[in-house]
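J.: The sequence shown lines up with residues -24 to -1, 1 to 513 when you count with mature numbering (1 follows the signal peptide of the UniProt record, and there is no 0).
All C-beta atoms in this analysis are idealised placements derived from N, C-alpha and C, irrespective of residue type, glycine included.
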Amino acid sequence: MRQASILYFCVGILAFLSDTWVQAEDPYRYYTWTVTYGTRTVLDIPQTVILINGQFPGPNIECVTNDNIIVNVINKLNEPFLITWNGIKQRRTIWQDGVLGTNCPIPPGSNWTYKFQAKDQIGTYNYFPTTAMHRAAGGFGGFNIASRSVISIPYPIPVAEFTLLISDWYKAGHQALKQNLDQGKALPVPDALLINGLSKGASFTGEKGQTYKFRISNAGISTSINFRIQGHTLILVEVEGSHTMQEVYDSLDVHVGQSVTVLVKLNSAVKDYFIVASSRFTKPILTTTALLRYAGSNTPPSLPLPIGPTYHVHWSMKQARTIRLNLTANAARPNPQGSFHYGTINVVKRFVFANTAEKINGKLRYAVNGISYVDPSTPLQLADWYNIPGVFSLNTMKTTPVNTPAVLGTSVVGTELHDFVEIVFQNNENTIQSWHLSGTSFYVVGYGDNVWNPSMRKRYNLLDAVSRHTVQVYPTAWTAIYVSLDNKGMWNLRSAIWPRRYLGQQLYVRVWNNERSLFTESDPPPNTLFCGLAKRP
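(1) Mark G346 as exposed unless 16 or more other C-beta atoms lie within 10 angstroms of its C-beta, in which case mark it buried.
(2) Enumerate in chain order the residues of its own chain whose CB-to-CB distance from G314 is below 6 Å, with the five nearest sequence positions on each side excluded.
(3) So, is I133 buried or exposed, given that buried needs 16 or more other C-beta atoms within 10 angstroms?
(4) Mark D43 as exposed unless 16 or more other C-beta atoms lie within 10 angstroms of its C-beta, in which case mark it buried.
(5) Report the option in S387, N437, Q448 and P430 whose CA atom is closest to the CA atom of W411.
(6) Could you give the distance in angstroms between the alpha-carbon of R477 and the alpha-carbon of E183?
(7) Between the alpha carbons of I121 and N36, how many angstroms are there, rounded?
(8) Please name the residue in T17, P501, T446 and W88 whose C-alpha comes closest to that of G233.
(9) DSSP on V447, reduced to helix/strand/coil?
(10) Just mark N503 as buried or exposed, buried being the case when its beta carbon has 16 or more other beta carbons within 10 Å.
(11) What's the gap between the Cα of I251 and the Cα of V18?
(12) Can you name the start and end residues of the alpha helix (DSSP H) that D226 belongs to?
(13) For a test of the three-state rule: what should DSSP assign to D360, helix, strand or coil?
(14) Using the Cα positions of F513 and T298, report the straight-line distance between them to the nearest angstrom.
(15) Might you give, ordered along the chain, the residues of its own chain that have their beta carbon closer than 8 Å to the beta carbon of residue 533, omitting 5 neighbours on each side?
(16) Roughly how many whole angstroms lie between the Cα atoms of A108 and L153?
(17) Note down, in chain order, each residue of its chain lying with its Cβ closer than 7 Å to the Cβ of L384, except the 5 sequence neighbours on either side.
(18) So, at 7 Å on beta carbons, what are the nonlocal neighbours of W361 in its own chain, with the 5 sequence-adjacent residues on each side left out?
(19) Under 8 Å, do Y270 and L239 count as touching if we go by C-beta distance?
(20) Can F396 and C80 be called in contact, C-beta distance under 8 Å?
(21) Whose C-beta lies closer than 6 Å to the C-beta of V324 among residues of the same chain, with five residues either side of it excluded?
(22) Please classify I64 as buried or exposed, where buried requires at least 16 other C-beta atoms within 10 Å of its C-beta.
(23) Kindly indicate the opening and closing residues of the beta strand (DSSP E) around N194.
(24) Could you give the distance in angstroms between the alpha-carbon of S235 and the alpha-carbon of E137?
(25) Name the residue from F119, G30 and Y342 whose alpha carbon lies nearest to the alpha carbon of T407.
(26) Distance check for N51 and W88, CA to CA, integer angstroms please.
(27) I'd like to know if the segment 267 to 283 and the segment 87 to 107 are in contact, where contact means that at least 3 CB-CB pairs between them fall below 8 Å.
(28) Can you give me the Cβ contacts of L267 inside the same chain, cut-off strictly under 6 Å, excluding the 5 residues immediately before and after it?
(29) Have a look at the DSSP bridge pairing and note the partners of N302.
(30) For D144, write down the residues that DSSP places opposite it in a beta bridge.
(31) Between the Cα of N462 and the Cα atoms of D226, L483, R444 and S417, which residue gives the shortest distance?
(32) Can you name the start and end residues of the alpha helix (DSSP H) that N156 belongs to?
(33) Near P164, which residues of its chain fall below 8 Å by C-beta distance, leaving aside the five closest residues on each side in sequence?
(34) According to the Cβ coordinates, are Q357 and I70 closer than 8 Å?
(35) Could you check how far apart the C-beta atoms of P451 and V289 are, in whole angstroms? I think they sit under 8 Å.
(36) In terms of alpha-carbon separation, which member of N102, Q66, I21 and V459 lies closest to P33?
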């Protein structure tokens, strides 16, 4: 009897612990997305677009810090397809990143399930396709991560929030755009701008006296966009997962791939007001509008539209320098964001990456330090994990700019897990650039004109630079970032301007150590897709 009592007691304890663990596990959110082609009248003409569950743009993901996200993507296109989660850090789950360097694409007529966690993140993000030029046809949407209820945010909770996907758009379909690029032709200025997939007609309604949160992402492929609201100011509160100092702006530049969150108080007369998005650094300037409607309004908006900047590069650079981290605010955890003193950490590696537009074999290509990237048939992450030879070689590209003609290649630079790295993006061209690093965020420590040199470090912001995943580099200028490479894997460092990325302006950063541990990197998931030289073990 005594042994039986002990057995029952132990079973009871195990049951209690099991139940406790189940209850303590972070919530799961399940989605099934069917990806198809469809027809929408976008610029007053019917066009073929990519739909997700019949929606253009695709459905938003709304979740909370640490939620587990399960997305079953059913590919009903006639070509391979992948989605990336732009800015979601994929802690120890690089296999879900959704780029051709880490994943085999989902074949036509099949499905693949993404499984990842919004680990220790808050903020405004987005997702989009990474295969071919699919991003120019749709398949993008918002990805919003709310703070847990036990973590305070540094501003009064707004009564509601709106997600705005601002983007450029071409009348030519994605296949025609791809064909032009394949023939070595640069893409022209887009035909129009959209707000939530509409060239006109989007509207957002609120109550007078209330404050609303606007989550804004530039989901376009090539155009920096200025955002403003007639008769209202914008209070910037968050940039790509980082709470910012709450500066007040009449308008904000949002560059390709970037996301911002602003608060807008409806404190004007009860009527309708124009929401305006206009292109930056393009000739001609493209403009589109939506409506901010006060509840009960019977008065349409009136012209003129609020004036925005045109080609003013230095205006934009000065504005970028005002975006600073809120060092006293919580982030995803109840500790101040400023507790990570990035300015006092020793830099162990330094890279200077210069972009160029060049002709290779008579066709336009874009290169980084003399290498125009070409995707191998075998994803780099699979080749690295399974020790498949002949797919890539480490450090085949120079880590400083070169003066030799560009060549085609598969660019991979080697780093070690937890390296603290300085990266300078040098832009010697007359067009604006936008760079994204998958897998982690970085501190934007400096912007400057002309050619970077080591003396520029004296001008770095080493105290409260904003942490983000995508940064602009102005024409004939440079941008410097600091990044802690604390996420193991093969991470894509790419131009967020998609025609440039498609034609080679990208590389991969291999973050590695010789320890095989689930604490630093997960094994390939059971549903891993294999292609090229990678075969299922």
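T.: Inspection of the coordinates gives the following:
(1) buried
(2) Cβ within range, chain order: L303.
(3) exposed
(4) With 16 or more Cβ atoms within 10 Å of its Cβ, D43 is classed as buried.
(5) Q448
(6) 43 Å
(7) 11 Å
(8) T446
(9) strand
(10) exposed
(11) Counting only the Cα atoms, V18 lies some 18 Å from I251.
(12) In the DSSP assignment, D226 falls outside any alpha helix (DSSP H) and carries neither an H nor an E.
(13) helix
(14) The displayed chain sequence assigns Pro, not Phe, to residue 513. For P513 and T298, the distance between alpha carbons rounds to 52 Å.
(15) It is not possible to answer for residue 533, since the shown part of the chain is limited to -24 through 513.
(16) 10 Å
(17) I336, S348 and V350
(18) P500
(19) no
(20) no
(21) D395 and F396
(22) buried
(23) T187 to N194
(24) 15 Å
(25) T407 has its Cα closest to that of Y342, out of F119, G30 and Y342.
(26) If you take the alpha carbons of W88 and N51, they lie about 8 Å apart.
(27) no
(28) S179 and D248
(29) BP columns for N302 are empty, so no partner.
(30) L169
(31) The residue asked about is misnamed: residue 462 is Asp in this sequence, not Asn. Here the closest residue by C-alpha is S417.
(32) H150 to D158
(33) none
(34) yes
(35) Rounded to whole angstroms, the Cβ separation of P451 and V289 is 6 Å, and the two are in contact under 8 Å.
(36) N102
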